[in-house]
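Undergrad: In the numbering used here, the protein residues as written are 447 to 748.
C-beta: ideal position from N, C-alpha, C; glycine also.
1) Tell me which residues share the same chain as residue 678 and place their Cβ nearer than 8 Å to its Cβ, disregarding the 5 neighbours each side in the sequence.
2) Check the DSSP bridge columns for residue 483 and list the partner residues they point to.
3) For the segment 645–665 against the segment 680–689, are there 3 or more C-beta pairs whose distance is under 8 Å?
4) Where are the alpha helix (DSSP H) runs, 4 residues long or more, that stay fully inside the segment 659–689, in chain order?
5) Whose C-alpha, out of 518, 462, 536 and 666, is nearest the C-alpha of residue 510?
6) Using only alpha-carbon positions, find the residue among 539, 530, 487 and 700 that is nearest to residue 603.
7) Should residue 564 be labelled buried (16 or more other beta-carbon atoms within 10 Å of its own) or exposed?
8) Considering just the uninterrupted stretch of the alpha helix (DSSP H) at residue 597, what are its terminal residues?
9) Buried or exposed for residue 501, please, with buried defined as at least 16 other CB atoms from any protein chain shown within 10 angstroms of its CB.
10) Using only the alpha-carbon positions, how far apart do residue 579 and residue 599 sit?
11) Quick one: complete beta strand (DSSP E) runs, 3+ long, within the segment 529–577?
12) On the criterion of 16 or more Cβ atoms from any shown chain inside 10 Å, does residue 594 qualify as buried, or is it exposed?
13) According to DSSP, simplified to helix, strand and coil, what is residue 716?
14) Should the segment 684–693 be called in touch with the segment 660–672, which here means at least 3 C-beta pairs below 8 Å?
15) Which same chain residues end up closer than 6 Å to residue 675 when comparing Cβ atoms and leaving out the 5 residues on each side of it in sequence?
16) Can you give me the C-alpha to C-alpha distance between residue 549 and residue 647, rounded to a whole angstrom?
17) Determine the extent of the alpha helix (DSSP H) in which residue 497 is found, giving its start and end residues.
18) When the distance is taken between beta carbons, is residue 486 closer than 7 Å to residue 450?
19) Could I get the ranges of all uninterrupted beta strand (DSSP E) runs contained in the segment 617–642, with 3 residues as the minimum, in chain order?
20) What's the C-alpha gap between residue 504 and residue 703?
21) Take every Cβ of the segment 529–537, pair it with every Cβ of the segment 580–588, and state whether three or more of those distances are shorter than 8 Å.
22) By DSSP, does residue 615 sit in helix, in strand, or in coil?
23) Put residue 609 into one of helix, strand or coil per three-state DSSP.
24) With 16 other CB atoms within 10 Å as the buried threshold, where does residue 706 fall?
25) Are residue 695 and residue 612 close, meaning C-beta to C-beta below 7 Å?
Dropping the structure here:
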């Protein structure tokens, strides 16, 4: 079996050390196994993704010496793939439209907690959807959709989990991405009725990543530890759609000085800014090896 790995950033900002770490781990695993290393642009959110960010990703990978020879796959060019998967799930009776706004959902959670009920959170700490499929009739849903109201498509987790069967698990390679994998019990119910699509976005991350990994023939999904728990949702979708399950490896994260995951939104230093200051690819690898971003901007090399 040929090992196929991928690096799948979103071109909605510039890459930082955390992205570089994931790309390097994937490239190293593919190289050791004499396999393939692919690039995917997760640009399904066309309002935030920009051509200059995509070019920045390509420039950064080229600078690191790990730019794949094959052109990247773009999610924005494969909306039909996601629509077909949604249609299959809908035919199975597993999807329903919900119309509550984020504010309405937040108010419902607060009301339940004010009444003395501790409302459950998903593994990311977000309150579970506080309503249910039974909160509205299918006729009412059809009418509101026909009237053009914004909505999201949610997975009926209870029915989906019952259909997929008990004992759902994935295989996690411990320590080394190419190590012998061990089974991990999956708990998709911990996420509640997750969103799989929005009226203006054809697929959520969960659905798109599962479809993309299958269509690209990915054998080893190597990504950050922050996505470990979400693998339960991905395994559930793979089981429902009859897709093969890759081997997973969730690597450690590069953290900022406060112990938080590096993020574009919190101003993590970009690779392009480090490169402009004269940082070398070897110095980037050394920073990643320490697991922390630099305490201050590096001094330009002389």
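TA: According to the structure data:
1) The residue given as residue 678 occupies position 232 in the chain shown. Counting only Cβ-Cβ distances below 8 Å, and skipping sequence neighbours, we find 614, 616, 632, 633, 634, 636 and 637.
2) Counting from one through the chain shown, the residue named residue 483 turns up at place 37. Under DSSP, residue 483 forms a beta bridge with 451.
3) The segment 645–665 vs the segment 680–689: in contact.
4) DSSP runs (the alpha helix (DSSP H)) wholly in the segment 659–689: 677–687.
5) Residue mapping note: residue 510 aligns to position 64 of the chain shown, counting from 1. Distances from the CA of residue 510 to each of 518, 462, 536 and 666 were compared; the closest alpha carbon is that of 462.
6) For the purposes of this step, residue 603 is identified with residue 157 of the chain shown, where counting begins at 1. In terms of Cα proximity to residue 603, the closest of 539, 530, 487 and 700 is 539.
7) One-based indexing of the chain shown puts residue 564 at position 118. Answer is exposed; the Cβ neighbour count stays below 16.
8) Stepping through the chain shown from its first residue, residue 597 is reached at position 151. Where residue 597 is concerned, there is no enclosing alpha helix (DSSP H), given that its DSSP letter is neither H nor E.
9) As a working mapping, residue 501 is identified with position 55 in the chain shown. So residue 501 ends up on the exposed side.
10) For the purposes of this step, residue 579 is taken as the residue at position 133 of the chain shown. For the purposes of this step, residue 599 is taken as the residue at position 153 of the chain shown. Going by the C-alpha atoms only, they are around 11 Å apart.
11) Here the runs fully enclosed are 541–544.
12) Reading the chain shown from its first residue, position 148 is the one you call residue 594. Around the beta carbon of residue 594, a 10 Å sphere encloses fewer than 16 other beta carbons of the protein chains shown; the residue is thus reported as exposed.
13) Working through the chain shown from its first residue, we reach residue 716 at position 270. Looking at residue 716 - three-state DSSP - the assignment turns out to be strand.
14) Yes, since at least three Cβ pairs between the segment 684–693 and the segment 660–672 fall closer than 8 Å, the two stretches touch.
15) Indexing the chain shown from 1 puts residue 675 at position 229. The residues are 569.
16) Numbered from its first residue, the chain shown carries residue 549 at position 103. Numbered from its first residue, the chain shown carries residue 647 at position 201. Taking the straight line from one Cα to the other gives about 19 Å.
17) Taking the chain shown and counting its residues from 1, one reaches residue 497 at position 51. Counting along the chain, the alpha helix (DSSP H) containing residue 497 begins and ends at 497–510.
18) The residue given as residue 450 occupies position 4 in the chain shown. The residue given as residue 486 occupies position 40 in the chain shown. By the CB criterion at 7 Å, residue 450 and residue 486 fall outside the cutoff.
19) Assignment of beta strand (DSSP E) within the segment 617–642, counting only whole runs of 3 or more residues, yields 628–631 in chain order.
20) Here residue 504 is taken as the residue at index 58 of the chain shown, counted from 1. Here residue 703 is taken as the residue at index 257 of the chain shown, counted from 1. Their Cα atoms are separated by approximately 28 Å.
21) No: the two stretches stay apart, fewer than three of their Cβ pairs being nearer than 8 Å.
22) Locating residue 615 in the chain shown gives position 169, counting from the first residue. Strand.
23) Taking the first residue of the chain shown as position 1, residue 609 is located at position 163. Residue 609 carries a helical assignment under DSSP once its states are collapsed to helix, strand and coil.
24) Within the chain shown, the letter at position 260 stands for residue 706. Residue 706 should be labelled exposed.
25) Locating residue 695 in the chain shown gives position 249, counting from the first residue. Locating residue 612 in the chain shown gives position 166, counting from the first residue. No. Outside cutoff.
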